[in-house]
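Encoded as structure tokens, the structure appears first; notes follow it.
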Amino acid sequence: MQVIIITGASDGIGAEMAHQLAQKGVALVLAARKEAALQAVAAACNAAGAETLVVPTDVAQQEQCRHLVAAAVERFGRVDALVNNAGRSAHALFEEVTDLGWYEDLMKVNLWGAIWCTHAALPYLKASQGRIVAVSSLAGLVGVPGRTAYGATKFAMAGFFEALRAELKPHGVSVTTAYPGVVDTQIRYRGYNAAGGELGKSSLREDAAMPVAECARLIIEGMQGRKREVVMTAKGRLGRWLKLLAPGLIEKMALNALKDDVKPHT
Ligand SMILES: NC(=O)c1ccc[n+]([C@@H]2O[C@H](COP(=O)([O-])OP(=O)(O)OC[C@H]3O[C@@H](n4cnc5c(N)ncnc54)[C@H](OP(=O)(O)O)[C@@H]3O)[C@@H](O)[C@H]2O)c1
1 MQVIIITGAS DGIGAEMAHQ LAQKGVALVL AARKEAALQA VAAACNAAGA
51 ETLVVPTDVA QQEQCRHLVA AAVERFGRVD ALVNNAGRSA HALFEEVTDL
101 GWYEDLMKVN LWGAIWCTHA ALPYLKASQG RIVAVSSLAG LVGVPGRTAY
151 GATKFAMAGF FEALRAELKP HGVSVTTAYP GVVDTQIRYR GYNAAGGELG
201 KSSLREDAAM PVAECARLII EGMQGRKREV VMTAKGRLGR WLKLLAPGLI
251 EKMALNALKD DVKPHT
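Quick note: the sequence shown uses the UniProt record's numbering, first residue 1, plus one each step.
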């Protein structure tokens with residue numbers, strides 16, 4: 001039985017991936033901070049035929065990332081895939097930020113959490129010739145105004161996992177980096193604002209948001225097919241190349257992704 005660890009499994013894309021993978025009769029190790037929400041996801045996965053283990057985890061703490069992997073191995077004896085999905089959003093103009101402490105905190109969740117979990121799971125993934133997934137963002141391919149903090153974490157993820165992919169190729173471990181665009185979850189409402197509090201609103205246009213089920217399906221397909229990358233939306237696929245040829249045009253497109261009231265003042 002395939003053993004798959006998913007971080008950020010209590011809600012959104014991670015929870016949806018768990019629901020979809022549960023249909024395939026796998027063992028799921030579900031990690032996030034909110035235990036009750038994880039238990040609810042686990043119950044639904046059990047009902048669909050999966051085995052589950054809930055491990056309350058704050059990925060911003062290295063010790064908890066180590067414990068997550070150790071708990072998975074203790075229960076199931078192996079790890080076949082690690083999905084580094086836990087993440088938080090943020091929206092603030094850099095000039096409006098007074099205390100940069102939360103920039104560091106965001107880096108710990110979005111980047112270091114993925115690095116710590118991957119480091120702990122690596123021996124087991126090498127043994128199983130397994131799969132690593134990193135959930136970055138289109139904001140990790142193109143700079144978006146108001147997203148210096150978030151974009152930095154997601155560009156960093158992309159660079160880290162691209163290098164790791166090359167390192168792990170001889171070991172038969174695949175690394176799939178996913179770049180979702182706007183997906184219909186609560187992430188933007190929960191993101192940091194300039195003061196380091198919770199945004200409580202979305203700063204992006206939500207009209208063309210991708211359904212979470214489609215996003216989860218594409219990531220699972222990429223993981224199973226050992227694809228290097230899953231770049232979601234035609235705009236995202238075009239944007240990454242177009243920015244080399246016409247960076248000014250991409251800056252305009254990135255600005256247009258924002259609602260009018262959060263655009264940078266001139
Ligand atoms: N939705 C989008 O439009 C979008 C677009 C591009 C990329 N992404 C990326 O996709 C991933 C999932 O996002 P989502 O939209 O599903 O967000 P979401 O619905 O807000 O879910 C985020 C998940 O991450 C967990 N999490 C947050 N901080 C954590 C921490 N310190 N330790 C452990 N778990 C933590 C949350 O659980 P707890 O609160 O229980 O810890 C939750 O399960 C993120 O990495 C995000 O950056 C999302």
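Quick reminder that beta carbons are idealized off the backbone N, C-alpha and C, glycines included.
Item to complete: Would you list the one or two residues that DSSP bridges to ASN84?
Response: The partner list for ASN84 (beta bridge, DSSP) reads ALA134.
If we call anything under 9 Å between Cβ atoms a contact, is SER203 one with VAL262?
Contact: yes.
**Q.** Per-residue burial, ALA134 [other beta carbons within 10 Å of its own, 16 or more giving buried]
**A.** So ALA134 counts as buried.
TODO: Flag this pair as touching only if the region 182 to 197 and the region 74 to 84 have three or more C-beta atom pairs under 8 Å; answer yes or no.
DONE: The region 182 to 197 is not in contact with the region 74 to 84.
Confirm, please, whether the CB-CB distance from VAL182 to LEU258 is below 9 Å.
Contact: no.
Next on the checklist: ligand 1 and GLN186: does any heavy atom of the ligand fall closer than 8 Å to the residue's C-beta?
Outcome noted: Correct: GLN186 has its Cβ closer than 8 Å to ligand 1.
Checklist entry - Going by alpha carbons, who is nearest to PRO211 out of GLN186, THR177, ILE115? => result Nearest C-alpha to PRO211: GLN186.
Open item on the list: So, for SER89: in the same chain, excluding its five sequence neighbours on each side, which residues have a beta-carbon less than 7 Å away from its beta-carbon?
Closed with: Closer than 7 Å at the Cβ level, and outside the excluded window around SER89, lie TYR150, ILE187, ARG188, ARG190, GLY191.
DSSP beta-bridge partners for ARG147?
According to DSSP, which records beta bridges pairwise, ARG147 is partnered with ALA92.
Flag THR57 as yes when its Cβ comes closer than 8 Å to any non-hydrogen atom of ligand 1, and as no otherwise.
-> Result yes, Cβ under 8 Å from ligand 1.
How many Å lie between CYS65 and THR118 at the Cα? Spanning the two alpha carbons is a distance of roughly 9 Å.
Among the residues of its own chain, which have a CB less than 6 Å from the CB of PHE161, if the five just before and after it don't count?
For PHE161, same chain residues with a beta-carbon under 6 Å away, outside a window of 5 residues either side, are ALA134, VAL175, THR177 in chain order.
Let me check you understand the geometry: is the CB of ALA81 closer than 8 Å to at least one non-hydrogen atom of ligand 1? No, the beta carbon of ALA81 sits no closer than 8 Å to any heavy atom of ligand 1.
Inset, instruction - With a threshold of 8 Å, establish whether the CB of ASP11 neighbours any heavy atom of ligand 1. - result: Yes, since a heavy atom of ligand 1 falls inside the 8 Å radius drawn around the Cβ of ASP11.
Query - Contact under 9 Å by Cβ, LEU218 with VAL230 - result: Cβ distance < 9 Å, so LEU218 and VAL230 count as in contact.
Task: Close beta carbons around PRO170, own chain, < 7 Å, minus the five adjacent residues each side - done: Same-chain partners within the cutoff: there are none.
| message | Using a Cβ-based criterion (distance less than 8 Å to any ligand heavy atom), does SER137 qualify as near ligand 1? | response | Answer for SER137: yes, Cβ within range of ligand 1.
Strand pairing of MET210, partner residues [DSSP]: Per DSSP, VAL183.
Review point. So which of ALA121, HIS91, GLN20, MET17 has the shortest CA-CA distance to GLU63?
Key: Minimum Cα distance to GLU63 is reached at ALA121.
At what residue ranges does the region 7 to 58 contain a whole run of the beta strand (DSSP E), taking only runs of 3 or more?
Within the region 7 to 58, the complete beta strand (DSSP E) runs of at least 3 residues are 27 to 32, 51 to 56.
Looking at ligand 1, does it come within less than 8 Å of TYR103, judged from the CB to the closest heavy atom?
No.
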